[in-house]
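So for the sequence shown, the working numbering puts the first residue at 88; every next one is plus one. This report concerns only the one structure given below.
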Amino acid sequence: MKYNIPMALNKSGRYISVPGKAYRAFNPSRLPPKLVIDNDINSLLVLAHELLGQINQLSELIPNKKLFLSSFIRKEALFSSQIEGTQCSLIDLLDPTIETNANMDKLDVVNYINAIEYGINRLDKLPISSRLIKEMHKILLHKIRGQEKTPGEFRISQNWVGGKNSTLKTASYIPPAVDVMNECMSDLEKYMNRERNEYDILIQVALIHYQFETIHPFLDGNGRIGRILIILFLIEKKVIQLPVIYISYFLKKEQQDYYTYLNGVREKGKYEEWIKFFLKAFIKCCEESIMLIKNINTLIENDLALINKTKANKNLKIVFNFVIQNPITNITIVAKYNNMSFNGANKIIRKLIALNILKIQQNKKKFKTYCYAKYLKLLKEE
Numbered sequence: 088m089k090y091n092i093p094m095a096l097n098k099s100g101r102y103i104s105v106p107g108k109a110y111r112a113f114n115p116s117r118l119p120p121k122l123v124i125d126n127d128i129n130s131l132l133v134l135a136h137e138l139l140g141q142i143n144q145l146s147e148l149i150p151n152k153k154l155f156l157s158s159f160i161r162k163e164a165l166f167s168s169q170i171e172g173t174q175c176s177l178i179d180l181l182d183p184t185i186e187t188n189a190n191m192d193k194l195d196v197v198n199y200i201n202a203i204e205y206g207i208n209r210l211d212k213l214p215i216s217s218r219l220i221k222e223m224h225k226i227l228l229h230k231i232r233g234q235e236k237t238p239g240e241f242r243i244s245q246n247w248v249g250g251k252n253s254t255l256k257t258a259s260y261i262p263p264a265v266d267v268m269n270e271c272m273s274d275l276e277k278y279m280n281r282e283r284n285e286y287d288i289l290i291q292v293a294l295i296h297y298q299f300e301t302i303h304p305f306l307d308g309n310g311r312i313g314r315i316l317i318i319l320f321l322i323e324k325k326v327i328q329l330p331v332i333y334i335s336y337f338l339k340k341e342q343q344d345y346y347t348y349l350n351g352v353r354e355k356g357k358y359e360e361w362i363k364f365f366l367k368a369f370i371k372c373c374e375e376s377i378m379l380i381k382n383i384n385t386l387i388e389n390d391l392a393l394i395n396k397t398k399a400n401k402n403l404k405i406v407f408n409f410v411i412q413n414p415i416t417n418i419t420i421v422a423k424y425n426n427m428s429f430n431g432a433n434k435i436i437r438k439l440i441a442l443n444i445l446k447i448q449q450n451k452k453k454f455k456t457y458c459y460a461k462y463l464k465l466l467k468e469e
């Protein structure tokens, strides 16, 4: 069944009665819609691209990109998971024992981190596609709530959006039926991989995010995968060099407006209003990222200068680089991942404490943890 959408309601699609069912599902129109690009949108685009240019210039100055990026990926994972109701804090996420002692909420975020990193690495060999989306979804739902909802596979039954204990009768939104959903995802994949597009790349990513959320191809995890797609698309199209933009924070901060603007497209075809909201959130995100990159760069440079003034600074640098990526840690973990003896790691940590780089974070008799406190303060400022 080919989904030709009558335009009786609005340009974004319409609700269609599902054969043999007592409900109607929304059938979205294909991308791209015909948009009115006004002065407000153009002004937002100009500012957004100026900020992206600054971000890419700053990214070139990051001394150890792999270590640096973990902070941004963790923040994006945390905020995106919190939108879905996950109860987890940044300190929880940085717990050095999280892999072995994580509860379901922590695992939600750990899986999100793994899914983002997997998707970014996979872009070297695979374009953004249904295949890649399914692979990330399988990682996202590994051993957590929702693992019974066919991880890594598009749904084969109807889903819906609504409050707790809602049903198809009380749902606030019903995505397309399964046969239409599969066609929609095929069309979305083609749109994401078009070589030419009549709209700016940031308008494209706003449309892609809306369309994916509207299709809702999974029984669970659609919101998180939809937000990962924002990052992947920008990286694949070389708009950003590194995943240093955590837009989920701003979508979480304006969560009610976020849902209102998405529904505004479905119900009234207000693509332009959604695009303006998305661009404003994106600009705020860029501004925060620029500030954070600058502040972290300055902090690391200052602390490296302290280390360079000490004797035997080679091992100090090794551990310092490790704590940038793992700002809450303990002696056992430092020793294990840096090929040091326990006593050797202990001496290095004590030197870093003396330099006011590390502080004792938890002081239990048999288990001490240490933190890069100034670094954590920057990460937690939001």
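From the three backbone atoms N, C-alpha and C, an ideal C-beta is built for every residue, glycine too. The structure displayed is predicted, hence computed values, not measured ones.
If you draw a straight line from the Cα of F365 to the Cα of A441, it comes to about 46 Å.
In this chain, the beta strand (DSSP E) harbouring T456 covers K455 to C458. For the region 324–390, the continuous alpha helix (DSSP H) assignments of 4+ residues that do not extend past its boundaries occur at 335–340 and 342–355, in sequence order. Taking C-beta separations shorter than 6 Å and ignoring five residues to either side along the sequence, the partners of N284 in its chain run Q291, following chain order. Of all C-beta pairs linking the region 241–260 to the region 107–120, three or more are shorter than 8 Å, placing the two stretches in contact. Judged by pairs of C-beta atoms under 8 Å, the region 202–209 touches the region 310–330, as three or more such pairs exist.
R209 carries a helical assignment under DSSP once its states are collapsed to helix, strand and coil.
Excluding five sequence positions before and after I370, the CB atoms of its chain that fall closer than 7 Å to its own CB belong to L131, L134, A135 and L138, given in chain order. With a 10 Å radius around the Cβ and a threshold of 16 neighbouring Cβ atoms, P263 comes out buried. Taken atom to atom, the span from the alpha-carbon of S273 to that of L386 is near 46 Å.
Counting every other CB atom within 10 Å of its CB across the protein chains shown gives A399 a total below 16, marking it as exposed.
A residue is called buried when at least 16 other Cβ atoms come within 10 angstroms of its Cβ; D127 does not meet this threshold and is exposed. K434 sits in a helix when the DSSP states are folded into three classes. For Q298, the three-state secondary structure derived from DSSP is helix. If you draw a straight line from the Cα of L463 to the Cα of E163, it is about 15 Å long.
Using a Cβ distance threshold of 8 Å, V248 and Y297 do not count as a contacting pair. L466 has its alpha-carbon roughly 12 Å from the corresponding atom of I160. In the structure shown, V248 falls within a strand segment according to DSSP collapsed to helix, strand and coil. K225 carries a helical assignment under DSSP once its states are collapsed to helix, strand and coil. The alpha-carbon of N433 is positioned some 12 Å away from that of K423. In summary, D390 is buried, with 16 or more beta-carbon neighbours lying within 10 Å of its beta-carbon over all protein chains present.
The DSSP-derived three-state label of F241 is coil.
The DSSP-derived three-state label of Y199 is helix. For I128, the enclosing alpha helix (DSSP H) begins and ends at N126 to L148.
Annotated as proximal: I149 and N384, with beta-carbon spacing under 8 Å.
Restricting attention to V123, S104 and Y457, the CA atom closest to the CA of K98 is found in V123. Rounded to whole angstroms, the separation of the alpha carbons of A293 and K324 is 14 Å. Per DSSP, the beta-bridge partners of S104 are R111.
Following the DSSP letters along the chain, one finds N408 inside the alpha helix (DSSP H) bounded by residues N400 to Q412. Residue burial annotation: P214 is exposed, with fewer than 16 other C-beta atoms found within 10 angstroms of its C-beta. Here Y286 carries a coil assignment [DSSP, helix/strand/coil].
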